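Chemist: If you scroll down you'll find the structure; I have some questions about it.
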Amino acid sequence: MEFTHEQISEIISEITNGESGFHGLVKRGLESLMLTERSLHNEMLSDVSNGFRGRRVCHGGKVFELRVPRSRNSNFYPMLLGVLKDQEEEAQKLVSSLYCSGLTTEQVGKIYEQFYGKHYSKSQVSRLLNTAREDVNAWLGRKLEKRYPILYIDATYVLTRRDESVSNEAYYTVLGVKEDRTREVLTVVNFPVESATNWKDVFEDLKARGVQEVNLLVCDGLPGIENVLADTFPRADLQLCTVHLKRNIAGKVKPRDKKQVLEELKQICAPDQWEISPEKAFLKFKEFIVRWQKSYPVLKRYCHDRYRFYFTYFKYEREIRGMIYTTNWIERLNRDYKRVINMRGAMPNPRAVILLMGTVAQNADIYKYPIYNFLESRLFY
Numbered sequence: 073m074e075f076t077h078e079q080i081s082e083i084i085s086e087i088t089n090g091e092s093g094f095h096g097l098v099k100r101g102l103e104s105l106m107l108t109e110r111s112l113h114n115e116m117l118s119d120v121s122n123g124f125r126g127r128r129v130c131h132g133g134k135v136f137e138l139r140v141p142r143s144r145n146s147n148f149y150p151m152l153l154g155v156l157k158d159q160e161e162e163a164q165k166l167v168s169s170l171y172c173s174g175l176t177t178e179q180v181g182k183i184y185e186q187f188y189g190k191h192y193s194k195s196q197v198s199r200l201l202n203t204a205r206e207d208v209n210a211w212l213g214r215k216l217e218k219r220y221p222i223l224y225i226d227a228t229y230v231l232t233r234r235d236e237s238v239s240n241e242a243y244y245t246v247l248g249v250k251e252d253r254t255r256e257v258l259t260v261v262n263f264p265v266e267s268a269t270n271w272k273d274v275f276e277d278l279k280a281r282g283v284q285e286v287n288l289l290v291c292d293g294l295p296g297i298e299n300v301l302a303d304t305f306p307r308a309d310l311q312l313c314t315v316h317l318k319r320n321i322a323g324k325v326k327p328r329d330k331k332q333v334l335e336e337l338k339q340i341c342a343p344d345q346w347e348i349s350p351e352k353a354f355l356k357f358k359e360f361i362v363r364w365q366k367s368y369p370v371l372k373r374y375c376h377d378r379y380r381f382y383f384t385y386f387k388y389e390r391e392i393r394g395m396i397y398t399t400n401w402i403e404r405l406n407r408d409y410k411r412v413i414n415m416r417g418a419m420p421n422p423r424a425v426i427l428l429m430g431t432v433a434q435n436a437d438i439y440k441y442p443i444y445n446f447l448e449s450r451l452f453y
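Residue numbers (our numbering): 73 to 453.
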């Protein structure tokens with residue numbers, strides 16, 4: 073049967089103006105394509121039509137209840153269904169995206185019901201997230217490169233529920249700069265508290281995943297970290313964060329002296345100085361401490377030889393010092409973590425925190441671009 077253009081227009085108008093509207097027109101079109109495909113299948117394989125089966129699919133944010141043609145030999149599968157994403161896959165993608173953007177499982181379920189007309193309970197949403205968890209865990213456990221010229225490490229604290237109680241637990245992140253000058257997160261690990269011993273476990277895990285050489289480690293002033301580094305990556309230099317150093321010293325002087333103290337520290341730590349070495353910089357720092365400890369005896373501790381690790385960056389080229397004398401890069405990542413996590417309050421368990429932090433780290437597009445200031449640095453040769 074052939075239709076005129078006027079008849080076709082009238083049929084389309086009736087469908088689109090009906091109860092299902094444009095959604096019904098798309099549904100009819102999809103079912104018509106599958107019928108045509110079955111006819112070709114029957115001709116080629118001498119098969120016979122055998123009714124229909126129901127199939128719900130999601131595509132383009134819409135749910136379609138389709139009548140899928142069947143054949144007697146049960147070997148007909150429309151290619152169209154292979155093109156359309158099935159409901160479960162699309163639901164998992166949507167649920168993962170919403171959850172990792174900061175929504176709770178309950179909020180995710182409500183939004184899914186609003187757009188797709190199907191309610192998902194908190195437990196069902198949690199099950200849909202299993203695929204996302206598997207993907208994140210596989211990424212966090214992947215094989216690593218043999219050499220990382222620079223590693224940045226830090227821990228951030230997240231309110232986490234464990235054994236029916238809630239407490240701030242430490243989540244460790246390692247950010248590495250690769251030989252091609254791009255960056256990547258190597259791992260995200262949970263320990264209840266931050267300690268040098270825990271960092272040793274993290275480093276040993278990195279070695280088990282393929283890391284053989286690290287040239288420079290940048291971190292805050294965690295006590296004992298220099299011993300852990302010497303045990304795990306003995307050839308690596310250690311750079312402690314100068315921002316933490318300035319902040320700690322400023323917190324020990326009166327407000328009237330704070331501006332002058334910070335200005336002197338700024339000059340001592342300025343990364344663009346010529347003709348300076350770590351030894352000279354540390355000597356200038358100790359002279360500063362001796363001068364100010366007359367008014368603030370508590371500063372005497374900063375003359376300890378350990379504080380030389382705050383000036384390791386003067387060993388390297390002026391062009392890269394500003395990128396290695398603080399943990400700013402990884403602290404920026406910590407802020408990205410918190411932006412997603414803080415929308416929820418206390419997290420239900422450590423697995424949920426790792427999922428969110430791992431997703432944020434994995435999707436950080438900025439790490440895909442090389443840092444050109446490192447091009448001439450001997451750290452990378």
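Glycine included, each C-beta is placed from N, C-alpha and C at the ideal position. Every value quoted in this text rests on a predicted model; they were computed, and no experiment measured them.
1) By a C-beta neighbour count over all protein chains shown, 10 Å radius and 16 as the cutoff for buried, is ILE438 buried or exposed?
2) Here's the rule I'm using: 16 or more other beta-carbon atoms within 10 Å means buried, otherwise exposed. How should MET106 be labelled?
3) For the alpha helix (DSSP H) containing SER239, list its first residue and its last residue.
4) Going by beta carbon distance, what residues of the same chain come within less than 8 Å of GLU91, once the five residues before and after it are set aside?
5) Exposed or buried, which one is GLY296 when buried takes at least 16 other CB atoms within 10 Å?
6) Report all residues from its chain with a CB closer than 7 Å to the CB of PRO420; omit the five preceding and five following residues, and keep chain order.
7) Are the CB atoms of GLN196 and GLY181 nearer to each other than 9 Å?
8) From this set, PHE148, PRO350, ASN435, ARG373, which residue's C-alpha is nearest ASN114's C-alpha?
9) Note the first and the last residue of the continuous beta strand (DSSP E) segment covering ILE225.
10) Compare the beta carbon distance of SER111 and ARG144 with 9 Å and say whether it is the shorter of the two.
11) Excluding sequence positions up to five away, which residues of its chain have a Cβ less than 6 Å from the Cβ of TRP346?
12) From this set, THR399, TYR379, ALA433, PHE452, which residue's C-alpha is nearest ASN287's C-alpha?
13) Whose C-beta lies closer than 7 Å to the C-beta of LEU301 among residues of the same chain, with five residues either side of it excluded?
14) State the DSSP-derived secondary structure class of GLN186, mapped to helix, strand or coil.
15) Going by DSSP in three states, MET313 sits in which element: helix, strand or coil?
16) Looking only at DSSP bridge pairs, what is PRO141 linked to?
17) Could you check the C-alpha separation between TRP211 and GLY248 for me, to the nearest Å?
18) Kindly list the residues whose CB is nearer than 7 Å to the CB of GLU336, restricted to its own chain and excluding five residues on each side of it in sequence; keep chain order.
19) Is GLU454 helix, strand or coil when you go by DSSP?
20) If I measure Cβ to Cβ from LEU317 and keep anything under 6 Å in the same chain, skipping five residues before and after, which residues do I get?
21) How about TYR409 and PRO343: are their beta carbons less than 9 Å apart?
22) Relative to the alpha-carbon of VAL455, which residue among ILE426, SER198, ALA436 has its alpha-carbon at the smallest distance?
23) Beta carbon of GLU178, beta carbon of LYS194: below 9 Å?
24) Between VAL257 and ALA433, how many whole angstroms is the CB-CB distance? I'm expecting something under 8 Å.
25) Should VAL265 go down as buried or exposed, given a rule of 16 or more other Cβ atoms within 10 Å for buried?
26) Are there 16 or more other CB atoms within 10 angstroms of the CB of ARG466, so buried, or fewer, so exposed?
27) Go through its chain and collect everything with a Cβ distance to GLN365's Cβ below 6 Å, but skip five positions before and after it.
28) What three-state label does DSSP hand LEU54 in the structure shown?
29) Enumerate, from N- to C-terminal direction, the unbroken beta strand (DSSP E) stretches of 3 or more residues contained entirely within the region 331-399.
30) Which class does GLU91 belong to by DSSP, given the choice of helix, strand or coil?
31) From ARG199 to ASP235, what distance separates their C-alpha atoms?
32) Looking only at DSSP bridge pairs, what is GLU256 linked to?
33) In three-state terms, what does DSSP make of PHE275?
34) Which residue marks the beginning of the alpha helix (DSSP H) containing GLU298, and which one marks its end?
35) I'd like to know whether the C-beta atoms of LEU55 and SER173 end up nearer to each other than 9 Å.
36) Tell me whether VAL283 sits in a helix, a strand or coil according to DSSP, three-state version.
Modeler: On the basis of the coordinates in this document:
1) exposed
2) buried
3) First-last for SER239: 237-249, but that is the beta strand (DSSP E), not the alpha helix (DSSP H).
4) With a pLDDT of only 46 at GLU91, under the threshold of 50, the placement of this residue in the model should not be trusted, and no figure is reported.
5) exposed
6) ARG233
7) yes
8) From the listed residues PHE148, PRO350, ASN435, ARG373, the smallest Cα separation to ASN114 is found for PHE148.
9) Residues 219-234.
10) no
11) Within the same chain, no residue comes within 6 Å of TRP346 by CB-CB distance, once the 5 residues on both sides are set aside.
12) PHE452
13) LEU289, ALA308, LEU310
14) helix
15) The amino acid at residue 313 is misidentified as Met; the sequence shows Cys. If DSSP states are grouped into helix, strand and coil, CYS313 belongs with coil.
16) PHE124
17) Straight-line measurement puts the Cα of GLY248 at about 15 Å from the Cα of TRP211.
18) Within the same chain, GLU336 has close Cβ partners PHE360.
19) Outside the displayed range of the chain (73 to 453) lies residue 454, so it cannot be described from this structure.
20) Annotation for LEU317: TYR382 place their beta carbon closer than 6 Å to its own, counting only its chain and skipping 5 residues before and after.
21) Not in contact: TYR409 and PRO343 (Cβ atoms no closer than 9 Å).
22) Here the chain covers residues 73 to 453 and nothing more, so residue 455 does not appear.
23) Yes, these two residues count as a Cβ contact at 9 Å.
24) 4 Å
25) exposed
26) In the structure as shown, the chain starts at 73 and stops at 453, and residue 466 therefore has no counterpart that could be examined.
27) The answer, listed in chain order, is LEU371, LYS372.
28) In the structure displayed, the chain extends from 73 to 453; residue 54 sits before or after that span and is not available.
29) Entirely contained in the region 331-399, not one beta strand (DSSP E) run reaches 3 residues.
30) Confidence at GLU91 is low in this model, with a pLDDT of 46, below 50, so its placement is unreliable and the value that follows should be read with caution. Reduced to three states, the DSSP call for GLU91 is coil.
31) Going by the C-alpha atoms only, they are around 21 Å apart.
32) GLY248
33) helix
34) 297-304
35) Only positions 73 to 453 of the chain appear in this structure, which leaves residue 55 out of reach.
36) coil
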